[in-house]
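Heads up: the protein sequence lines correspond to chains A and B, in order. Using our numbering, count along the first sequence one by one with no gaps and you end on 346. Using our numbering, count along the second sequence one by one with no gaps and you end on 1368. All C-beta atoms in this analysis are idealised placements derived from N, C-alpha and C, irrespective of residue type, glycine included. Treat the numbers as computed from the prediction; the structure is a model and nothing was measured. Okay, structure first, notes after.
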Amino acid sequence: MRRGLMAWDPLEVPASALADRLARLRAELAREGVDVFVAYTNIARGGSVWWLTGFTPYWNEGLLYAPAQGEMVFATALSKRVAEWISSVMPAGEVTTTPRPAAFIGEHIARDGAKRIGILELDDFPAGHAQAILQASPGVELVDVTQAFARARNESDAVERLLLTKADALAQAACAAVDVSSAHARDFIAPAESVARLGGAEECFTLVAGDLGSSRAFVRTDSMGPLGETFAARVSLAYKGAWTRHVRSFAREAKAQQAMDRAHGALMTFALQSGESLEQAVARNFGSLGEIVNWVAEQPRGSYPLAPVANMAQSAQGFTAHAPFVLDVELAIEGRRWVGARMIGL
Amino acid sequence: MSKEALAARRSALKEAMTRENVEVLVLFGNNWHADHLRYATDFGIQEGQGIALVREDGSITLILDDPAECERARSDCTCETIFAPALVQEAKKQLSRAGNHNIAAAPYHLLPYGLLHGEKDLRVTDGAKIVERLLMTKMEVEIDAVRKAAALADEGYAIFRQAARPGRKDYELVAEMESFFRANGVPENFMIVGVGGPEVRGMAPPGGKILKKGDMVTTELTPCFDGYYAQICRTLIVGEPSEAQRQAFAVYLEAMEAGIATVRAGVTAADVARAENDVFRKYGLGEYVTSEYTRVRGHGMGLFPDQKPAILEDVNIVLQAGMTLIVHPNTYHPAVGYLVLGDSLVVREGGHELLCGTKRELFSVPLQ
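Structure, rendered in C-alpha cells:
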C-alpha cells in the first residue's frame, strides 16, 4: 500500500496542467467518436488516473469517469471518512465514496446519455465493474481507447518532468545509502528505505540481488540471505505519484568495484544522441566496458506507472524517444555480472 | 514459507476443487489483492498483475506481466512461471489448450474482462466457494505465521513510540517503521496514521503534519510474515494526556475488551460488533459507531490485511476456530478526535488466543 507522504502542492502540480492533459485526452477521444472515458485504478495500476488527477488510491480501487464536458468524477470503494482527505490531495475531479463505484459511474453515463464508452485497457478492466456499468447504462458500447490515451500521454510535460527529477534524486540517494559493509542483504538495504521515505517518497520498493554470481533476480526482504561477493540494490519509488527506478551493483573486491563504478559512470552519463536508436546508444555507451547481456527500457504505459517498452530482443515496442525512460542494463565484465538502472532523459 | 506449509495449502485447495467439481482454478492478483494468487503459488506479487492456473492434477502455472517480477517468481517459487506482457491473451491461450474444462475463478469480480469476453468466450464460474473459506479459516501452520506477524507488530509499535517526538513529521515516523520492517524481513505493511485533535476524523497516509504538544497520534500497523498479516492499533499522546483524552480512551478500552471477550467459535461477527458498540451506546456515543464515523469494528486478517469477516452488526458470518481477526472499536470521539485501539487474535473453540502483547494503554511520549 502507499504509506509514504501523500500531499498535493499546487506549485508542483498546478490544476491547469491537469486540465491541459484532460483536454488532450478529450481531443483524442473525439477523433475516435467516443463519448466519455472510464479508467480503472488501484495501487498496482495507478498510472493513468494519477496522470489525469494527481492521485493514486493508497489502498482499494477506484474508477475515474471523464464526461465529454465538465468535471471528472472519481468513485472509490474507500470508506466515506476518507472522501474529504482524497479531495485534499486530488486536485482534479469530484470524489465519491461508494461500495459500488462502477454502478455509480454507470448511472452517470446513463444520465449523460453517452453511448460509446471509452475504456482504458478494456481487456484488463475488471469484469465485475464492466458488468455493473452495462447494467446501470443499458445499450452502451464499451470501446477500448488504450491507443487514444497513449497518444494523449505521448509527451512528458514540465510538471511530470519536475516530479520525475525529484523522484530520481531520491532513488539515487537511497541507492547511495545502502550499507555495503553488511553481511546480510536486509541490513544492506534497510537504510535505502529510510532515506527514500524520509525524503518524501510516496511508495518505495527495495529489493536486492544478493549474489550476482549466481542470479540477477532481485528479491524482497522476506527472501533475502547473506550477501555474496557481488550484489546489487534496486530501488523503485514514487514521488507524488511519479515513478522511477535505480539499480546499483557492488563488489567486495576493490578491483571488481572499480569496474562496476566505471559501468555505473557510463550509466550516469548515458544520453541518446540525435538520430540514434536506443540499441545504438547502449552499444556506444557500454560496448567498451564488457559484453552487453541484456537491456530493457521502461516508460509509463496506460495504467502501468512503468512497463517495458523496448528491450534487446525487440528494440521498439512503443518506446517514445523524447520522453524520459528507465534504462536497465546487464553487462558481463571480466566474468562478473553488472546490473544498473536509472531514469534517462530528464 | 516452509515446503510443508505450502503443500498443506495446495492440498486443501485441491480438495476444495474436487468437492466443487472444478478442473481448473484461475486465481488473479496484484499488489492490492495478492491473497488468492499467493495461496496457491506463495508468490507475493509487487508490480503488475498475475494469473495462476491451478489444475486438478496439482500442477500450477503462474503468468506475470512484469519481467522483473517474473525473474523473482522463478527465484522464489516452485511452479512453472511465464512472462507475458499480454497477460489476458496468454491466460486465454493456456486455458484454451486445456480444453473444455470446468473452470472457476477468484476473485471473480476483479477478473480481467478480456478473459471472460471475446470471440471464443470461456465458461468460467465464480470460484469464491473454493477459496474464501480457505482464506478465512487457517490451518495451524498458517496461524504460526500470523502469530509471528503479530510479534513483529508489537516490536514495530515500540519503534513507532520511540520515533514519535514533537517536531517530527508524520511521514518520518513511517520511514523509521519501514526501515525497521525491511531490516527484519517484512516486505509489506499496511499502515495509516492520524495526527491532531478533534479535527481529525480518521486515518490516512501521512501528509506532512508536524507532531506537537497535545496531539493524538493514531496508527494501525499491519506487517506480514510469510505473506500473513497481523495488525495492532494504538493511540499515543504527545506529552501528557488530557483528562478528556483519558476518559475517551477508557470507553475504547472497555469496548475492545467487551468485543474480545465475545470472540469464540460459534458466535457471529455481528455479536462481536454489538458487544463493542453497546459500550459506546452505554456512554451516549451510539452515533459514533455508525458508518458516518467508522467503517468496521474489526475484520479478518490473513494473506489479505482486511479480509472477511467484517466485524459489523449486520454481518452474520459465524466465527470458526482458526479464523484470525482484529477487534478494533476505532472511531471518532467528539471530544478528542479519532481514536484507535485494537488487538489481533485467533478464534478458538470456547474462546480466543490473543496475539498482540503491547499494553492496552493510552501511551504518551515526552515533549523533549
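Rounded to whole angstroms, how far is the Cβ of residue i from the Cβ of residue j, which I believe are closer than 8 Å?
i       : j       : result
Y1039/B : V1146/B : About 14 Å; that fails the 8 Å criterion.
V1315/B : A1270/B : 6 Å
G1208/B : G1197/B : The Cβ separation is near 17 Å, so there is no contact.
A167/A  : V178/A  : So it is not a contact: roughly 18 Å between Cβ atoms.
V219/A  : A174/A  : Not quite, the Cβ-Cβ distance comes to about 17 Å (not below 8 Å), so this is no contact.
F325/A  : G345/A  : 6 Å
R2/A    : Y58/A   : 4 Å
How far does the beta strand (DSSP E) with residue i in it reach, from first residue to last?
i       : result
I117/A  : R116 to I119
D144/A  : E141 to D144
S249/A  : A242 to A251
Y304/A  : Y304 to N311
E1135/B : At residue 1135/B the sequence reads Leu, which differs from the Glu that was named. First-last for L1135/B: A1128 to M1136, but that is the alpha helix (DSSP H), not the beta strand (DSSP E).
E1142/B : Where E1142/B is concerned, there is no enclosing beta strand (DSSP E), although the alpha helix (DSSP H) it sits in stretches over E1140 to A1163.
Q1046/B : Counting along the chain, Q1046/B falls outside any beta strand (DSSP E), and DSSP gives it neither H nor E.
M343/A  : R336 to I344
D1343/B : D1343 to R1348
E276/A  : Run containing E276/A: none; DSSP gives neither H nor E here.
K1212/B : Unbroken run through K1212/B: none, as it is neither H nor E.
Specify the secondary structure class of residue i as computed by DSSP and reduced to three states.
i       : result
L1064/B : strand
Y65/A   : strand
Q1094/B : helix
T1324/B : strand
H1333/B : strand
V1238/B : strand
T1268/B : strand
N294/A  : strand
W8/A    : coil
S181/A  : coil
I189/A  : helix
G995/B  : The requested residue 995/B is not part of the displayed model; chain B covers only 1001 to 1368.
R1246/B : helix
S194/A  : helix
V1315/B : coil
R1201/B : coil
M72/A   : coil
G33/A   : coil
Q314/A  : coil
L1053/B : strand
E1257/B : helix
K1308/B : strand
R220/A  : coil
I43/A   : coil
C1070/B : helix
S288/A  : coil
Just mark residue i as buried or exposed, buried being the case when its beta carbon has 16 or more other beta carbons within 10 Å.
i       : result
M268/A  : exposed
D1065/B : buried
L1173/B : buried
L11/A   : exposed
V180/A  : exposed
D35/A   : buried
E298/A  : buried
D328/A  : buried
G318/A  : exposed
V1318/B : exposed
D9/A    : exposed
N1021/B : exposed
Starting from residue i, follow the alpha helix (DSSP H) in both directions and report where the run begins and ends.
i       : result
H1036/B : D1035 to T1041
K1003/B : K1003 to R1019
C1224/B : Unbroken run through C1224/B is the beta strand (DSSP E), M1216 to F1225; no alpha helix (DSSP H).
T97/A   : Here T97/A belongs to no alpha helix (DSSP H); instead the beta strand (DSSP E) covers E94 to T97.
Y1171/B : D1170 to A1183
P101/A  : P101 to D112
Y1113/B : Y1113 to L1116
- Task: Determine which residues of the segment 1150-1168 of chain B have a Cβ less than 8 Å from any Cβ of chain A, and write them out in chain order.
- Result: none
Practice problem: Give, in chain order, every residue of the segment 1316-1329 of chain B whose Cβ lies closer than 8 Å to some Cβ of chain A. | Solution: none
>> Using a Cβ-Cβ cutoff of 9 Å, what residues of the segment 28-54 of chain A are near chain B? List them in chain order.
In response: N42, I43, A44 and R45
*Mind listing which residues of the segment 1186-1217 of chain B have their C-beta closer than 9 Å to chain A's C-betas, in chain order?*
V1186, P1187, E1188, N1189, F1190, M1191, I1192, V1193, R1201, G1202, M1203, A1204, P1205, P1206, G1207 and G1208
Self-check item: Residues in the segment 161-179 of chain A having any Cβ partner in chain B nearer than 9 Å
Solution: none
**Request:** Taking a Cβ distance cut-off of 9 Å, strictly less, list which residues of the segment 190-207 of chain A are near chain B, in chain order.
**Result:** Answer set for the segment 190-207 of chain A: A190, P191, A192, E193, S194, V195, A196, R197, L198, G199, G200, A201, E202, C204, F205, T206 and L207.
- Return the residues of the segment 117-141 of chain A that lie within a Cβ-Cβ distance of less than 7 Å from chain B, sorted by chain order. L122, D123, D124, F125, P126, A127, G128 and A130
Problem set entry | Cβ-based contacts, 8 Å cut-off: residues of the segment 64-91 of chain A near chain B | S79, K80, R81, V82, E84, W85, S88 and V89
- Give the residues from the segment 1107-1130 of chain B that approach chain A closer than 8 Å (Cβ to any Cβ), ordered along the chain. Answer set for the segment 1107-1130 of chain B: Y1108, H1109, L1110, L1111, P1112, Y1113, G1114, L1115, L1116 and H1117.
Notebook entry, point to check: According to a CB-to-CB cut-off of less than 8 Å, which residues of the segment 204-231 of chain A neighbour chain B?
Noted result: For the segment 204-231 of chain A, which is checked against every Cβ of chain B, the residues closer than 8 Å are C204, F205, T206, L207, S215, R216, A217, F218, V219, R220, T221, D222, S223 and M224.
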